[in-house]
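The structure under discussion appears below in the form of structure tokens.
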Amino acid sequence: MENYLKQLNDPQKQAVLQTEGPVMIIAGAGSGKTRVLTYRIANLIRKGVDPFNIIALTFTNKAAKEMRNRIESVVGHEARNLWMGTFHSIFAKILRMEADKLGYPSHFTIYDSDDSKSLIKSILKEMQIDDKIYKPGMILGRISNAKNNLITAGMYQTDEEVNAYDSSTGRPELGKIYKVYEERCFKAGAMDFDDLLLKTYQLITKFPDVLNKYQHKFKYMMVDEYQDTNHCQFMIIKKLAAVHQNICVVGDDAQSIYSFRGATIKNILSFESEYSDLKIFKLEQNYRSTQVIVNASGGIIKNNKDQLQKKVWTSNATGDKIKVLKAINDNEEGRFVAQAIFDEKMEKQLPNSAFAILYRTNAQSRSFEEALRKLNVPYRIFGGMSFYQRKEIKDFVAYLRLVINNNDEEALKRIINYPVRGIGQTTIDRLILYAGQNNLSFWEVIQRVREYPELRAAASKITDFAIMIQSFGELRKTHNAYELAAYIAKATGLLKFLNEDKTIEGISRYENMVALLNGIKEFVEDDTNEQEKTLENYLQDIALLTDTDKDDPNADKVTLMTIHGSKGLEFPVVFIGGMEENLFPSQMSLGNRKELEEERRLFYVALTRAELKIYLSYATSRFKFGTLLPCEPSRFLDEIDKEFLDIDRRFATATPLSTNNSDKNGDTYSKPSAWMKTAANKPAPFTKPALKPLPQAIENFVPDNTSGLKEGMNVEHQRFGLGMVKKIEGDGDSRKATVLFNEYGEKQLVLKFAKLRLV
DNA sequence: TACTAAGCTCTTTTT
DNA sequence: GAGCTTAGTA
């Protein structure tokens with residue numbers, strides 16, 4: 001113990017030794033936060049605290065795993081009994097044990113956002129609500145937001161302010177949809193990600209004995225990345241810590257980047273007012289980065305209004321300046337970055353794994369991937385489509401889910417006709433309809449399929465399917481997860497079906513399927529943890545797994561990921577791509593101080609990942625909607641003190657930002673300087689002109705009308721409005737017309753399908 | 001009911 | 001440029 005205390009600086013040591021009472025540790029980037037947390041827990045165990053009474057909550061499985069390993073290396077295998085994991089996984093564990101109190105089965109399904117969205121889509125369809133106005137993603141966002149603020153569907157529906165808002169945006173039915181969504185999840189025995197938090201809160205507020213049990217169990221609580229907790233998480237933590245008050249939160253307000261997920265920086269900014277006897281420790285020495293990086297990033301974050309005072313410093317070497325690369329488009333940007341990696345590797349003799357390319361949006365990864373492939377630089381990409389989101393994987397996992405939880409509606413919908421067994425959309429729609437009408441789950445309707453005359457045609461097929469699923473359920477009693485999964489893969493014909501497709505994509509789908517089966521095998525054979533090797537436990541594991549978690553740190557590859565995904569990681573050399581106004585900062589954050597400040601924190605996170613050197617790159621034009629649009633350099637480039645920059649000589653000198661603008665809340669915010677936004681360079685606005693209403697008589701467009709079409713004629717298109725035919729080429733069905741539309745410019749249309757009318 | 005081709009609509013970030 | 005929906009065909 002004394003040995004490792006020697007490795008700590010003063011504030012770190014104090015933070016470790018202050019084990020009693022509420023503690024807040026403000027830890028700047030690279031200040032040894034994980035080390036402090038690790039030693040704090042190790043110290044508690046050394047003092048004789050039972051690991052069983054310590055809970056440590058993190059945001060990612062990876063952070064939890066890393067911390068567990070490090071604690072284990074200090075205190076040994078005793079660390080295994082710690083309650084350590086993500087909010088979602090720890091709460092899921094508690095919920096499974098107490099599920100019956102909430103009327104849920106202990107083997108409840110966890111819906112991922114795809115499932116949630118799909119459920120919302122079918123609810124909209126059943127309620128005959130227009131999904132153009134009620135966009136599923138947006139509805140899910142509203143529901144998620146409500147849940148994170150502890151607002152249930154019932155409360156949502158009776159809240160006048162919320163209703164007034166929804167009505168004013170033309171969506172008065174939102175409360176109703178939320179209610180139906182809540183009921184359907186319950187009937188399906190499913191919880192979405194937000195439910196894992198909300199239901200935990202409900203559990204401990206509605207059942208005092210449960211609260212009491214966990215309050216006494218968790219004598220010492222620790223929360224990592226506290227700046228990213230939302231209101232619901234805060235309330236749970238507060239309640240659980242109420243008895244012992246030994247709550248330690250660790251975070252950095254400057255790295256709060258998840259407000260879109262309901263995280264509120266308020267939690268960390270006002271933690272002090274929650275506990276009068278709070279001890280605050282500030283870790284301000286950065287051990288990770290060079291002086292250039294520390295000072296440049298510190299200069300950036302200084303522009304934010306919402307922040308706690310701290311002075312991050314380092315005694316590391318000065319280091320290289322930040323290099324700015326200017327490219328004409330995204331492909332050239334990719335080439336520049338790949339080439340720079342190649343050169344740095346040679347010059348500094350670094351492995352591939354020393355490099356990370358970070359970007360604002362997942363869509364930006366393509367050009368970097370292509371360029372790296374061309375130079376034969378191995379890379380690994382996170383985000384985008386994860387393994388468990390692939391269709392073939394989700395389909396198979398749906399079988400497993402359905403076997404465990406027959407009521408899982410989303411799983412059932414996925415596979416009832418996959419592989420095709422003659423149960424078409426009409427039949428499925430009817431099943432859902434009857435389920436709703438009779439207040440039954442989807443599965444229960446299937447059980448009684450013969451009671452509905454309209455379903456008679458498909459009845460035997462449906463029954464066969466149900467019997468098959470039930471037979472799998474029987475096998476569960478005698479077989480482990482792997483044996484059962486392998487059997488299902490064969491019995492359903494899925495494995496064979498995938499193996500028959502010899503296209504490149506088909507082969508990859510088959511390989512993925514095999515990889516999944518191997519994964520289940522590994523799960524069964526893995527004896528490093530004591531949990532039973534049941535299918536339930538396997539599903540529980542993968543439901544909360546993200547692809548950042550299956551990182552193989554030994555592979556020597558360049559890392560590509562979003563900035564959000566990079567939180568908590570570090571790399572010797574970091575590339576930040578797409579440093580363009582409207583992309584980073586995102587267009588959506590402009591004109592609102594708080595959102596712009598979050599973008600700035602995001603930039604801060606990106607910069608502080610680097611140990612030795614940073615490259616910033618931007619393109620002067622980029623494809624959006626298949627159109628090449630001109631881009632201007634990001635205002636963030638402007639905010640970096642020039643003394644830290646190694647600017648490409650073509651990089652224009654910027655004029656200072658004006659700060660005398662204010663948004664509707666009266667907050668001032670900076671606007672891009674004039675040189676960024678000259679009228680000629682301004683990107684085309686994204687809002688498309690509204691289509692003029694069509695006269696009654698021409699509502700139905702008949703493709704045949706175009707047979708007499710000639711160059712120079714005026715036409716009207718259903719979507720593009722009025723225009724003039726410029727050119728006609730080809731013959732027969734492939735006849736094409738180039739039409740110049742008043743509002744959309746030139747479009748090429750295949751006349752066989754064009755919805756045109758002569759004017 | 002199943003399959004295919006054309007049309008339409010997006011673009012933040014994720015446990 | 002991709003994923004999803006719609007319309008048309010077998």
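Numbering (the working numbering), first residue to last: 1 to 759. Built from N, CA and C at the ideal position, the CB exists for glycine as well.
Exercise for review: Could you pull out every unbroken beta strand (DSSP E) segment of at least 3 residues lying fully inside the segment 151–221, listed in chain order?
Suggested key: 190–192
Review point. Which one of Y618, K642, E505 and D641 has the shortest CA to CA distance from E632?
Key: Y618
Exercise for review: Spatial neighbours of F497 within its chain, please: CB distance less than 7 angstroms, with the 5 preceding and 5 following residues excluded, ordered by chain position.
Suggested key: P419
Check your understanding: For R414, does the count of other Cβ atoms within 10 angstroms reach 16, so buried, or fall short, so exposed?
Key -> buried
Check your understanding: Is the segment 89–104 close to the segment 151–163, with three or more CB pairs under 8 angstroms?
Key -> no
Check your understanding: If you draw a straight line from the C-alpha of E580 to the C-alpha of S589, how long is it?
Key -> 13 angstroms
Exercise for review: Could you tell me if D429 is buried or exposed, where buried requires 16 or more neighbouring beta carbons within 10 angstroms of its beta carbon?
Suggested key: exposed
Review point. How is the beta strand (DSSP E) around W83 delimited, first residue to last?
Key: W83 to T86
Exercise for review: Check the C-beta distance from Y201 over to I236 and give it rounded, since I have them as a contact under 8 angstroms.
Suggested key: 5 angstroms
Point to revise | Residue of A411, V250 and A610 minimising C-alpha distance to F355 | key: A610
Practice item. Answer with buried or exposed for T426, where buried requires no fewer than 16 other C-beta atoms within 10 angstroms of its C-beta. Key: exposed
Point to revise | C-alpha distance - L400 paired with L535, whole-angstrom precision | key: 8 angstroms
Exercise for review: On a CA-only basis, which of M67, D224, L140 and V324 is nearest F193? Give me that one, please.
Suggested key: L140
Check your understanding: Is the beta carbon of G578 sitting closer than 7 angstroms to the one on R360?
Key -> yes
Practice item. For L645, write down the residues that DSSP places opposite it in a beta bridge. Key: I322
Point to revise | beta strand (DSSP E) segment containing A610, residue limits | key: A610 to A619
Exercise for review: Can you check the segment 278–354 for any alpha helix (DSSP H) of at least 4 residues that lies completely inside it and give the ranges in chain order?
Suggested key: 291–301 and 330–348
**Study point:** For R421, the three-state DSSP class (helix, strand or coil)
**Key:** coil
Exercise for review: Specify whether the segment 305–318 and the segment 261–280 touch according to this definition: at least 3 beta carbon pairs, one from each stretch, less than 8 angstroms apart.
Suggested key: yes
Point to revise | Chain-order list of residues whose beta-carbon lies under 7 angstroms from that of N243 (same chain, five-residue window excluded) | key: Before going further, note that residue 243 is Val rather than Asn in the sequence given. For V243, where only same-chain residues beyond five positions count, the Cβ hits under 7 angstroms are Q215 and H216.
**Study point:** Unbroken beta strand (DSSP E) run spanning A56, endpoints
**Key:** I54 to T58
Check your understanding: Apart from the five residues on each side of it in sequence, which residues of its chain come closer than 8 angstroms, Cβ to Cβ, to R622?
Key -> N329, D330, G578, E580, L583, L628, L629 and C631
Exercise for review: Return the CA-CA distance between L657 and N406, expressed in angstroms with no decimal places.
Suggested key: Residue confidence for L657 is low, a pLDDT of 34 falling below 50, so the modelled location carries little weight and cannot support an answer.
Point to revise | Residue nearest to N316 in terms of C-alpha spacing, selected from L203, F342 and Y287 | key: Y287
Check your understanding: Is F271 helix, strand or coil when you go by DSSP?
Key -> helix
Review point. Taking just the CA atoms, how far does D541 sit from E483?
Key: 18 angstroms
Review point. So, is S471 buried or exposed, given that buried needs 16 or more other C-beta atoms within 10 angstroms?
Key: exposed
Check your understanding: What number of angstroms, rounded off, separates the C-alpha of S116 from the C-alpha of K135?
Key -> 13 angstroms
Practice item. Would you identify the three-state DSSP class for I469, choosing helix, strand or coil? Key: helix
Practice item. Tell me whether A555 sits in a helix, a strand or coil according to DSSP, three-state version. Key: coil
Exercise for review: Grab me the residues of Y226's own chain with a C-beta within less than 7 angstroms of its C-beta, minus the 5 sequence neighbours each way, in chain order.
Suggested key: V249, V250, G251, N267 and I268
Point to revise | Sequence-distant residues of its chain with Cβ nearer than 7 angstroms to A79 (five each side left out) | key: P51, R68, I71 and E72
Point to revise | Start and end residues, alpha helix (DSSP H) containing F546 | key: Here residue 546 is Thr; the residue named in the question, Phe, does not match the sequence. T546 -> no alpha helix (DSSP H), and no H or E assigned at all.
Review point. Name the DSSP beta bridge partners of P630, please?
Key: S621
Point to revise | DSSP-derived helix/strand/coil call for E532 | key: coil
Check your understanding: Roughly how many angstroms lie between the CA atoms of E409 and S273, to the nearest whole one?
Key -> 45 angstroms
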